[in-house]
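Down below is the structure, laid out as structure tokens.
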Amino acid sequence: MSGAIPAALAPARANELRRFLAGFIGLTLLSGMTIGMNKVLATMFGLHLGVSNFQLALISSAETCAMALGTLPAGRILARGNPKTLYAGVSLTLSLLFCILPWLPGWQWVALLMFLVGLCIALRVVAMSTVFLVRLPELGQGKAGWYKGTLTFGMQFAGPLVGNYVVAHLGLQSGFLVSALMFAILAVLGWQVLPAHAGHRGEGGVVRGASKWGELLRLPAVRATYLFEVLASFTGSSVGVFSILLAIQVLHWPKEHAVWLMAVQGLSFVTVLLGLGGAVLASRHRDRFYGAAHLAIMAALLLLGLLPTTASYLGASVLLGLGLGVNALVNTDRIAHAPVDKARVSAHLTLFGMAAGSLGALAAGRLGDLIGLRHVFLLWLLPWLAAWLSYHLRAGRPRAKQGETCNDCHSR
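At position 379 of the sequence shown the residue is numbered 378 (numbering that gives the first Met the number 0), and the sequence of numbers has no breaks.
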């Protein structure tokens, strides 16, 4: 926080923070559910239209590409705009688009509309991420993983389940109308929860903090966060897709059982984000936890590459989820306390995450055809090892010499 709260105002501020957190987590969960649900709806609608595999891929990738293209403009807009108004307006636009979508005559129109949906979602995601980073120093380190954990739970678990249930019981067109209603609810909830500006402002309404590339990359906290977030997205997407394929091809698991590898990884990841924020970030050993998390990710890659057994694959999923979870906690807390334009950094991290995730999956698929998937996971060890040696070994020596505390290290 920027300063101590007077005793008379402390209860009122605490109540305001609790109301904000409850509303924001509800907003995040429902937002994640709409993203996960709409992935299911778009896929089923493509199949309903009788599209080819390539056409279905175009429909699916249109939203992702638009989100990637829209993140940086969204960061610039939010740095100067009103998150409350923008989020509500975009959510109402999405509600209208999903009312129209089931009546479109061809897959090309569906792909175009999903591209527009991706542009809208990019602004919504960056808005929520920015607001959370701004408020995190007040909320406390224990809440650092709540945004990403809740969003992940909604996208990967609750959303797809709700989508399947609605389509099975109400039909595909009704599913889109339910999604439109959820976006309308999000517009109202976002108007109530989100603030009128995206960051701490100085005189003249100018957001304080580094915002240009050169300024951001001069900060050690930003450089380290960008590096390890890119590596995490790159690795997580590769393992999430192709560990399932390995389980089917190498261990001969049934398809319905192989999905448990992704579920175990996701559960471990969400557990860390929602339950271990305070334990990790408030500890004087947080830097060691951070380094150990990256070692856990490397250990998971080793298990997947060298030991094709049921126990090793399940263990690798747990290690990867734990490692990625601690990595996300420390990175989020570091950026929340860094003197940067939160809207710009949120946009960068969103873009880097999507680009690295897509590139990781594509590279793993291409190399897997050439050298085998198990060797690909061993190959992915190299950038992690280089980053670990460069960051953890080199960064540890100056801090030890200068006697910096953990709080000094993460707030630089």
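Even glycine gets a Cβ: it sits at the ideal position worked out from N, Cα and C.
- By the Cβ rule, the region 241-254 counts as touching the region 304-316, because three or more pairs are nearer than 8 Å.
- Gly239 is the residue among Ser128, Gly239, Tyr390 whose C-alpha sits nearest the C-alpha of Gly320.
- A contact is defined here as three or more CB-CB pairs under 8 Å, and the region 316-333 meets this definition with respect to the region 214-229.
- With a threshold of 16 other beta carbon atoms within 10 Å, Ile370 falls short and is exposed.
- Apart from the 5 residues on each side of it in sequence, Leu366 sits with its Cβ closer than 6 Å to the Cβ of Val375 in its chain, given in chain order.
- Residue environment for Ala167: exposed (fewer than 16 other C-beta atoms within 10 angstroms of its C-beta).
- DSSP assignment within the region 128-160 yields the following whole alpha helix (DSSP H) runs of 4 residues or more, N-terminal first: 145-152.
- Its chain contains Ile76, Leu77, Leu122, Ala126 as the residues whose beta carbon lies nearer than 8 Å to that of Leu85, once the 5 sequence neighbours on both sides are disregarded; these appear in chain order.
- Per DSSP, reduced to three states, the secondary structure at Leu68 is helical.
- When Cβ pairs closer than 8 Å are counted between the two stretches, the region 153-162 is seen not to touch the region 277-290, the count staying below three.
- No Cβ-Cβ contact shorter than 9 Å links Gly69 with Leu111.
- By the neighbour-count criterion, in which 16 or more other beta carbons inside 10 Å mark a residue as buried, Tyr164 falls on the exposed side.
- Per the C-alpha coordinates, the member of Ala363, Ala295, Phe288 positioned closest to Gln264 is Ala295.
- Looking at the backbone, the Cα of Gly359 and that of Leu380 are separated by about 13 Å.
- Distance from the CA of Ala346 to the CA of Ser90, rounded to the nearest whole angstrom, comes to 18 Å.
- In this structure Asn14 is exposed. Its beta-carbon is surrounded by fewer than 16 other beta-carbon atoms within 10 angstroms.
- Distance from the CA of Val161 to the CA of Pro10, rounded to the nearest whole angstrom, comes to 38 Å.
- Contact between Trp106 and Gly45 is confirmed by a C-beta separation of about 6 Å, below the 8 Å threshold.
- For Tyr289, the enclosing alpha helix (DSSP H) has its first and last residue at 285-305.
- Excluding its 5 nearest sequence neighbours in each direction, Ala292 has C-beta neighbours in its own chain below 6 Å: Gly322, Val325, Asn326, listed in chain order.
- Asp332 is a Cβ neighbour of Leu135, given a cutoff of 9 Å.
- Under a 10 Å Cβ-count criterion, Pro82 is classified as buried, with 16 or more other Cβ atoms of the shown protein chains found around its own Cβ.
- Note on Trp102: under 16 other CB atoms within 10 angstroms of its CB, so exposed under the neighbour-count rule.
- Assignment of His251 by DSSP, reduced to helix, strand and coil, places it in the coil class.
- By the Cβ-count criterion, Ala21 is exposed, with fewer than 16 other Cβ atoms from all chains shown falling within 10 Å of its own Cβ.
- If you check the CB distance, Pro382 and Phe288 do not come in under 9 Å.
- Listed in chain order, the non-local C-beta contacts of Glu62 below 6 Å within the same chain comprise Met113, Val116, Gly117, local neighbours out to five positions each way being set aside.
- The continuous alpha helix (DSSP H) containing Trp383 extends over residues 380-387.
- Around Gly304, the same chain offers Arg373, Phe376, Leu377 as residues with beta carbons nearer than 6 Å, after the five sequence neighbours per side are excluded.
- The three-state reading of DSSP puts His196 in coil, since its state is none of H, G, I, E or B.
- Inter-residue distance for Leu275 and Leu71 is about 31 Å (C-alpha atoms, whole angstroms).
- Residue state for Pro82 is assigned as helix, using DSSP reduced to three classes.
- In this structure, Leu138 lies near Leu16, with their beta-carbon atoms less than 9 Å apart.
- A straight-line Cα-Cα distance of about 19 Å links Ala223 and Gln140.
- Excluding residues up to 5 positions away in sequence, Leu302 lie with their Cβ nearer than 7 Å to the Cβ of Gly314 in the same chain.
- For Ser267 and Leu100, the gap between their C-alpha atoms comes out near 36 Å.
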